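Student: Residue numbers 3 to 474, in our numbering, belong to the letters of the sequence shown in order.
Don't be surprised by glycine CBs; every beta carbon is placed ideally from N, CA and C.
Here the structure is a predicted model, which means the values were calculated and not measured.
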Amino acid sequence: MTDHAVVARLKSELDGLKIEDNPALVKQKSRDFYWYSPVLKRQLDDVTADLVVTPRNEEEVVRILKACFALEVPVTPRGSGTGNYGQAMPLAGGVVLNLAEMNRVKSIGPGRMLAEAGAVLARIDRETRAHSGQELRLHPSTHATASIGGFIAGGSGGIGSINWGGLRNFGNVLSLRVLTMEKEPRVLEMRGLDLMKVMHAYGTNGIITEVEMPLDAAYDWVDVMIGFDDWMKTVRFCNLIANQDGLLFKEIAAVAAPVPYDYFLRHRKFLRREHSVGLLMVAPHAVDPFLALAAQEKAEILFRSDTATDEEKRGLPPIFELTWNHTTLRALRVDPTVTYLQVLYPFPTHVESVGRMSRIFGDEVPGHLEFQRFDGNICCSGLPIVRFTTEERLDEIVKIHEDNGCPIFNPHRYTLEEGGMKRTDEVQLAFKREADPKGLLNPGKMIAWENPDFDLTSSRTYLFPGLQRAAG
Ligand code: FAD
Numbered sequence: 003m004t005d006h007a008v009v010a011r012l013k014s015e016l017d018g019l020k021i022e023d024n025p026a027l028v029k030q031k032s033r034d035f036y037w038y039s040p041v042l043k044r045q046l047d048d049v050t051a052d053l054v055v056t057p058r059n060e061e062e063v064v065r066i067l068k069a070c071f072a073l074e075v076p077v078t079p080r081g082s083g084t085g086n087y088g089q090a091m092p093l094a095g096g097v098v099l100n101l102a103e104m105n106r107v108k109s110i111g112p113g114r115m116l117a118e119a120g121a122v123l124a125r126i127d128r129e130t131r132a133h134s135g136q137e138l139r140l141h142p143s144t145h146a147t148a149s150i151g152g153f154i155a156g157g158s159g160g161i162g163s164i165n166w167g168g169l170r171n172f173g174n175v176l177s178l179r180v181l182t183m184e185k186e187p188r189v190l191e192m193r194g195l196d197l198m199k200v201m202h203a204y205g206t207n208g209i210i211t212e213v214e215m216p217l218d219a220a221y222d223w224v225d226v227m228i229g230f231d232d233w234m235k236t237v238r239f240c241n242l243i244a245n246q247d248g249l250l251f252k253e254i255a256a257v258a259a260p261v262p263y264d265y266f267l268r269h270r271k272f273l274r275r276e277h278s279v280g281l282l283m284v285a286p287h288a289v290d291p292f293l294a295l296a297a298q299e300k301a302e303i304l305f306r307s308d309t310a311t312d313e314e315k316r317g318l319p320p321i322f323e324l325t326w327n328h329t330t331l332r333a334l335r336v337d338p339t340v341t342y343l344q345v346l347y348p349f350p351t352h353v354e355s356v357g358r359m360s361r362i363f364g365d366e367v368p369g370h371l372e373f374q375r376f377d378g379n380i381c382c383s384g385l386p387i388v389r390f391t392t393e394e395r396l397d398e399i400v401k402i403h404e405d406n407g408c409p410i411f412n413p414h415r416y417t418l419e420e421g422g423m424k425r426t427d428e429v430q431l432a433f434k435r436e437a438d439p440k441g442l443l444n445p446g447k448m449i450a451w452e453n454p455d456f457d458l459t460s461s462r463t464y465l466f467p468g469l470q471r472a473a474g
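#1: Under the rule that 16 or more other beta-carbon atoms within 10 Å means buried, what is L67, buried or exposed?
#2: List the residues that DSSP assigns as beta-bridge partners of E253.
#3: Along the chain, where does the alpha helix (DSSP H) containing Y265 start, and where does it finish?
#4: Tell me which same chain residues have a C-beta within less than 6 Å of the C-beta of Q136, skipping the five on either side of it?
#5: Could you tell me which whole beta strand (DSSP E) segments of length 3 or greater appear in the segment 336-398?
#6: Is any non-hydrogen atom of ligand 1 found closer than 7 Å to the C-beta of Q30, if you look at the structure I gave you?
#7: Establish whether the CB of W233 and some CB of chain D are separated by less than 8 Å.
#8: Is I387 closer than 8 Å to V340 when the C-beta atoms are compared?
#9: Does the Cβ of P454 have 16 or more other Cβ atoms within 10 Å, making it buried, or fewer, making it exposed?
#10: Within the present structure, is the beta-carbon of D247 separated from the nearest heavy atom of ligand 1 by less than 7 Å?
#11: Alpha carbon to alpha carbon, what distance is there between R332 and L295?
#12: Among residues of its own chain, excluding the 5 on either side of H133, which ones have a beta-carbon nearer than 8 Å to its beta-carbon?
#13: Would DSSP call R306 helix, strand or coil?
#14: Can you tell me where the alpha helix (DSSP H) holding S14 begins and where it ends?
#15: Scan the segment 155-210 and note each continuous beta strand (DSSP E) run of 3 residues or more that stays entirely inside, going in chain order.
#16: Residue range of the beta strand (DSSP E) that P291 falls in?
#17: Quick one, which of D312, E184 and N100 has its alpha-carbon nearest G151's?
#18: Quick check on the DSSP output: the alpha helix (DSSP H) that includes E62 runs from which residue to which?
#19: Please look up how many angstroms separate the CB atoms of G384 and V345, rounded, as I've assumed it's under 8 Å.
#20: Quickly, what does DSSP pair R114 with across the bridge? List them, please.
#21: Roughly how many angstroms lie between the CA atoms of I514 and Y464, to the nearest whole one?
#22: With DSSP collapsed to three states, give me the class of P454.
#23: Comparing the CB of W223 with every heavy atom of ligand 1, is any distance shorter than 7 Å?
#24: Identify the continuous beta strand (DSSP E) that holds I21 and give its terminal residues.
#25: Determine the direct distance from the alpha carbon of F433 to that of E394, and round the result to whole angstroms.
#26: Identify which residue in N59, F71 and V284 has its Cα closest to the Cα of I161.
#27: Could you check whether F272 and L324 sit closer than 8 Å to each other, using their CB atoms as the reference points?
#28: Just the Cα atoms here: how many angstroms apart are I321 and T309?
#29: If you count every other CB in all the chains shown that lies within 10 Å of the CB of L195, and 16 or more means buried, which is it?
#30: Please list the terminal residues of the continuous beta strand (DSSP E) segment that includes V122.
#31: Could you check if F35 belongs to the surroundings of ligand 1, using beta carbon to heavy atom distance under 7 Å?
#32: Ends of the beta strand (DSSP E) at N100?
#33: Which partner residues does H269 have in the DSSP bridge list?
#34: Look at the alpha carbon of T98 and the alpha carbon of F266, and state the distance between them as a whole number of angstroms.
#35: In chain order, what residues of the same chain lie with their CB nearer than 6 Å to the CB of G173, ignoring the 5 residues before and after it?
#36: Indicate whether D491 and V336 have their beta-carbon atoms separated by less than 8 Å.
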């Protein structure tokens with residue numbers, strides 16, 4: 003926590019801005035979906051900021067950064083707080099910079115739009131659809147709540163990745179406006195290779211205030227759920243449709259039995275417990291040819307939003323809210339003891355790897371795959387449910403995956419390195435030296451900055467020393 007006198011000074015410096023200091027409300031805005039992980043829940047439960055400051059425009063952000071720089075108060079940016087690795091949690095206390103009120107869509111043109119960082123994805127899509135029948139290429143399954151700035155700083159891909167790959171692929175973000183954390187914050191316009199400096203950096207080296215993104219043609223996507231009584235048949239079918247050159251999908255996920263029946267409660271009426279399912283968003287013009295292929299492969303059509311009655315559709319979430327991290331959320335709502343992992347099954351042996359992992363773990367780790375384009379090839383990554391017993395067993399499950407050539411992006415770690423490729427991102431580190439020389443932005447999330455000697459190849463977990471101080 004920051005010293006009381008410093009907090010009082012900061013409040014007077016920021017007089018006239020929207021400041022929250024009620025401890026219960028500050029704590030609420032100091033959390034994200036970290037509790038997805040039993041490990042992060044244990045480590046981060048007590049984390050809280052001293053203040054939440056909500057700027058309404060870029061000038062106010064500059065004022066906040068200047069004052070915090072002078073007083074050496076940490077600043078952790080926040081969009082909507084839907085990240086699930088504790089990314090938006092202020093490990094060293096200080097200020098949560100809540101960008102939710104910087105939410106305007108500023109301009110829309112053919113194939114692109116410009117918005118303030120706090121704009122919620124669903125709102126952007128509503129405006130671009132109404133303007134010119136366009137929509138964002140990619141969005142996380144938290145479309146209804148997540149901000150565009152938070153997606154770029156904390157997310158990776160999602161619905162649409164089957165066509166467009168991940169956020170960090172060239173072309174999926176066009177430009178960013180970024181503020182530095184210096185005595186006199188600078189405004190930088192970033193494009194091209196520069197974007198890599200701040201994308202997926204958890205706001206550790208700059209505050210994004212505006213985002214320019216490419217748009218795609220919007221369709222009235224048809225939600226379809228198919229099923230087989232066999233997990234690997236479901237996987238092979240999803241792989242087959244994902245590789246069809248003439249069919250257009252926005253989402254293809256596969257989820258193993260009994261997860262759909264046990265946890266997709268509102269869709270249970272369409273399911274048997276033996277059903278492993280494919281969760282699809284199909285372009286309207288692709289439905290007929292898709293159905294022909296499904297019939298040929300003997301896939302059972304369990305649900306179609308284009309022919310379902312109003313009564314059948316009542317209360318159902320869109321199908322994409324059963325995919326990506328929503329699968330885990332729905333499982334956690336029924337059984338709070340489960341957790342999950344993030345697995346890459348490398349191309350071209352992804353289907354075999356999935357088969358091998360499900361033979362090894364069976365129902366301890368029921369499968370969940372997200373098909374996507376990865377370096378031009380269709381492959382899949384996994385967000386399998388894990389029936390959690392102990393942290394030791396979780397580590398063992400991670401190791402068995404890695405020993406079998408399936409890298410894990412560990413969602414039970416709050417640092418960039420441990421949750422990612424387990425190596426230093428030199429570009430992001432170099433930019434942090436330049437843009438945040440006092441290390442005040444989102445402290446504790448970049449190991450390379452906090453402890454350059456930490457051995458990322460060891461099996462030790464990094465513990466940010468400031469975390470104990472903040473919690474104490
Ligand atoms: P926050 O959680 O508020 O912030 C995320 C990170 O970005 C934090 O480190 C924060 O400090 C930083 N940040 C926020 N705004 C800024 C800014 N303006 N400038 C600099 N740094 C900033 N993720 C996916 O990629 N794909 C998915 O499909 C997906 N599905 C999800 C489903 C569920 C149910 C949940 C709980 C999470 C899911 N996520 C997914 C994770 C998360 O929802 C997304 O990454 C989301 O886009 C984060 O947006 P946010 O506004 O909530 O960001």
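Tutor: Considering the structure as presented:
#1: buried
#2: M283
#3: V261 to Y265
#4: T130, L217 and A220
#5: 340-342, 345-347, 370-376, 379-384 and 387-389
#6: no
#7: Of the chains in the structure shown, none is chain D; there is only one protein chain.
#8: yes
#9: exposed
#10: no
#11: 30 Å
#12: I110
#13: strand
#14: H6 to E15
#15: 177-181 and 189-193
#16: Careful: P291 lies outside any beta strand (DSSP E), inside the alpha helix (DSSP H) at V289 to Q298.
#17: N100
#18: E60 to L73
#19: 4 Å
#20: G111 and P216
#21: The structure shown does not extend to residue 514, since the chain is modelled only from 3 to 474, so the question has no answer here.
#22: coil
#23: no
#24: K20 to E22
#25: 36 Å
#26: V284
#27: no
#28: 15 Å
#29: exposed
#30: No beta strand (DSSP E) contains V122, which DSSP labels as neither H nor E.
#31: yes
#32: V97 to N100
#33: None, per the DSSP bridge assignment.
#34: Per the sequence shown, the amino acid found at residue 98 is Val instead of Thr. Cα-Cα distance, rounded: 34 Å.
#35: none
#36: In the structure as shown, the chain begins at 3 and stops at 474. Residue 491 is therefore absent and cannot be evaluated.
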